[in-house]
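Taken in order, these protein sequences are the chains called L and P. Under my numbering, the residue at position 75 of the first sequence is numbered 75, and the numbers go up by one with no gaps. Under my numbering, the residue at position 279 of the second sequence is numbered 438, and the numbers go up by one with no gaps. The C-beta atom is built at its ideal place from N, Cα and C for all residues, glycine as well.
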Amino acid sequence: MVKTGGMYDLLAEHPFFAGMDKGRMEVVAGCAMNERFEAGQYIFHEGESADKFYLVRHGMVALEFHVPGREQTVLDTVHKGEIFGWSWMVSPYTWSFDARAVELCRLVSLDAKCLRGKFDADNSLGYDLLRRFIPVMAERLSAARMQMIDMYGQPPDRK
Amino acid sequence: MPATAATAATALPADPMVPVPYRITRVARELSDTFTVDLVPARGKAPFRFAPGQFNMLYVYGVGEVPISISGDPADGARVRHTIRAVGTVTDALRRLKKGAMVGLRGPFGTPWPLDLTEGCDVLIIGGGVGLAPLRPAIYEVLNNRDRYGKVCLFYGARTPDDILFRGELEKWRGRFDMFVDVTVDRATGRWAGPVGVVTQLIRRGGFDAYHACALVCGPEVMMRFAVPTLNEIGVANDRIFVSMERNMKCAVGFCGHCQFGGAFVCKDGPVFRYDTISKLFNVREL
Ligand SMILES: Cc1cc2nc3c(=O)[nH]c(=O)nc-3n(C[C@H](O)[C@H](O)[C@H](O)COP(=O)(O)OP(=O)(O)OC[C@H]3O[C@@H](n4cnc5c(N)ncnc54)[C@H](O)[C@@H]3O)c2cc1C
Ligand code: FES
C-alpha cells in the first residue's frame, strides 16, 4: 500500500479540503505530491498539458498572460491556503495562462489522471471535489469582473 | 453619549454658508491625476479642528465648489490637508492652483469615522483608489492611540502599481510591528512583486478576529458593494461596518436636498454611515 500519511496531513491542513471525510482524503492523498519552486521559476506555461492542480501551502504564485510585444501581464495572484488550476477538468486540458512563483513556493500538486481514475471508481468523490471547486471558480470569476470594470479608473468621459 | 474629541469637532462652524479664505502653503503631486494641498487661514491663526472622516467644501473663485474629505492628521491643527483627484471642472481648477493661491473653505462637515465605538475592537481599514485619503486621518488617529485598539489591518486596492496613493506612508506603516498592511492592484506587469486581484480577496486573507472587528470602508461604490458581503461572509456584521458615501453637494448642511440618499442627506447624516442603516438603499439604482 502506498504510504500517504505525510500527504494526508498536508491536505488536512489546507482550507480547500476542510471538513472532507477522512477516507476520501486518504484516497485523494494517493494522487498528491509535494513540490517546491524557487522565486521566479515557472510552474507551468500556457499551452502545456494541464495534468495537475495545485494547493498553495506557502508563498505567492502569479498567474500571467503573455501578449506578444508587451510585458507579461499578471492577471491574479494566488496565496497560502488557496488553490489554482482547473484546466485539467475542461477539454482540451491545456493551461490557458502561465504560473510563476513570485517567491519561494511550497505547493501540493494533485495528479489529474490519478484523480480521474479515482472518480470513475467513486463518483461521490468527484462530486465532493467539484463542490469545493465551484465556489473558488465563482469567486475568481466575480473578482475578474471587478478587475475588468476598472472601478478605480477616471470617469468614462475622461478616458 | 459623552462628548468626545470627535463629537466636539463635529460642531458646525459659525456661519456654515460663508466660505473663509484660505491660502495654499504647499502643493504635492501624489499621482498623475492626484495631488495634496495644505491650507492655512488667510487671516488669524485659530487651529482647525476636525474629526477623521469629515469633509470641507472647497471653493475655487469663479469656478465652483466641491466637497473634499480632510486627509491630514487630526492632531495637526496648524494646517488643513486635502488630497484631491482631478476628475472635472472644479478639481481640475484646484489642480492648476499654485502655492500662495487662495481658495474659499467651508467646514468641517459631516459625520466622522466612529473611532470611539471601535475602541477595543480589531480595526479593519479597507480603501480603494483615492478612497484612502478620507481614511488616512482615521489611520493617524488609531496609531496616535494605538493601545486603545486590537489588531489594526489596512487593506488597500489600486488600479496599477503606479496608482498606489501614499506609497511612502504605506511602506512605513507596513514596517510597524503593530499594524498589518496589504496592498493589491487590479493589473500589473511582472515587475510588481505584490498581490494582484481585488481588495476583497485581501480581506479573506487577513488574520483578524472577525467577530470582534469593526470595518471602515471607503472607495468606489462598486468596491464597497463587494466588500460588505465579503465582510459578512467572514463574520463581520453590518452594524460593525462603516462606509463613507459620496453624492453631489451644494449647501453641505442639509438645506438643499442635493445630496439626498433615500431618507438621508449625505452631507449631514453622512458621509460616514453605519452600513445597516443604509443597506436597503445601497443596491437601489439611481439613488
Ligand atoms: C463627502 C465627500 C468627500 C469627498 N472627498 C474627496 C476627496 O477626498 N478627494 C477627492 O478627490 N474627491 C473627493 N470627493 C469627490 C469630489 O467631490 C468630486 O470628485 C468632485 O465634486 C467633482 O467635481 P468636478 O467639478 O471636479 O467634476 P465635475 O465636472 O462635476 O464632474 C466631472 C466628471 O467626474 C465625475 N465625478 C463627479 N464626482 C465624482 C466622484 N465623486 N467620483 C468619481 N467621479 C466623479 C462626473 O460624473 C463627471 O463625469 C468627495 C465627495 C464627497 C461627497
Ligand atoms: S448638500 Fe444640501 S442637503 Fe446635502
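- Secondary-structure assignment with DSSP links L/N34 through a beta bridge to L/V108.
- Non-local beta-carbon contacts of P/F367 in its own chain, meaning distances under 6 Å to residues more than five positions away in sequence, involve D281, K310, C312 in chain order.
- P/D275 and P/M383 have their C-alpha atoms some 23 Å from each other.
- In the three-state DSSP reduction, P/P320 falls in the helix class (H, G or I).
- Proximity of chain P to L/V74 at the Cβ level (cut-off 8 Å) is accounted for by R346, A347, T348, G349, W351, V355, in chain order.
- By the neighbour-count criterion, in which 16 or more other beta carbons inside 10 Å mark a residue as buried, L/M137 falls on the exposed side.
- P/D435 has its CB no nearer than 6 Å to any heavy atom of ligand 1.
- Residue environment for P/V355: buried (at least 16 other C-beta atoms within 10 angstroms of its C-beta).
- At a C-beta separation below 8 Å, P/M261 has no neighbours in chain L, since its nearest C-beta there lies roughly 27 Å away.
- A straight line joining the alpha-carbon of L/G59 with that of L/L107 spans about 9 Å.
- Taking 7 Å as the cut-off, the Cβ atoms of P/D341 and P/F314 count as close.
- Spanning the alpha carbons of L/A50 and L/L11 requires a straight line of approximately 21 Å.
- In summary, the residues of the segment 46 to 72 of chain L whose CB is separated from some CB of chain P by less than 9 Å are M60, A62, L63, E64, R70, E71, Q72, in the order they occur in the chain.
- Inter-residue distance for P/W332 and L/G117 is about 50 Å (C-alpha atoms, whole angstroms).
- Under the DSSP assignment, P/N304 falls outside any alpha helix (DSSP H); it carries neither an H nor an E label.
- Residue state for L/M137 is assigned as helix, using DSSP reduced to three classes.
- Under DSSP, L/K52 forms a beta bridge with L/D111.
- Of the candidates L/I43, L/P135, L/G47, the residue whose Cα lies closest to the Cα of L/P92 is L/G47.
- Listed in chain order, the beta strand (DSSP E) runs fully inside the segment 247 to 279 of chain P are 261 to 268, counting runs of at least 3 residues.
- When secondary structure is reduced to three states using DSSP, L/H14 falls in the coil class, being assigned neither helix nor strand.
- Boundaries cannot be given for P/D235, as no beta strand (DSSP E) includes it and DSSP labels it neither H nor E.
- As computed with DSSP, L/Y42 is found in a beta bridge with L/R100.
- Two segments are said to touch when three or more pairs of C-beta atoms, one from each, lie closer than 8 Å; by this definition the segment 376 to 395 of chain P does not touch the segment 320 to 336 of chain P.
- Distances from the CB of P/I227 to the heavy atoms of ligand 1 include at least one below 6 Å.
- Rounded to the nearest whole angstrom, the C-alpha separation of P/R307 and P/P271 is 18 Å.
- It is roughly 6 Å from the alpha-carbon of P/S230 to the alpha-carbon of P/T242.
- Within the segment 228 to 248 of chain P, contact with chain L at the beta-carbon level (separation under 8 Å) is assigned to V246, G247.
- With contacts defined as CB atoms closer than 7 Å, L/Y152 and P/R363 fail to qualify as a contacting pair.
- In the structure shown, the three-state DSSP call for P/Y218 is strand.
- In terms of side-chain proximity, the C-beta atom of P/C415 is found nearer than 6 Å to a non-hydrogen atom of ligand 2.
- Of all residues in the segment 12 to 45 of chain L, none has a C-beta nearer than 7 Å to a C-beta of chain P.
- Exclusion of the five residues before and after P/Y370 leaves G394 as the residues of its chain whose Cβ lies within less than 6 Å of its Cβ.
- Taking P/E330 as reference, the option from P/G349, P/A347, P/T348, P/G353 with the minimal CA-CA separation is P/G353.
- Not a single heavy atom of ligand 1 lies less than 6 Å from the C-beta of L/G126.
- Taken through DSSP and simplified to helix, strand or coil, L/D120 comes out as helix.
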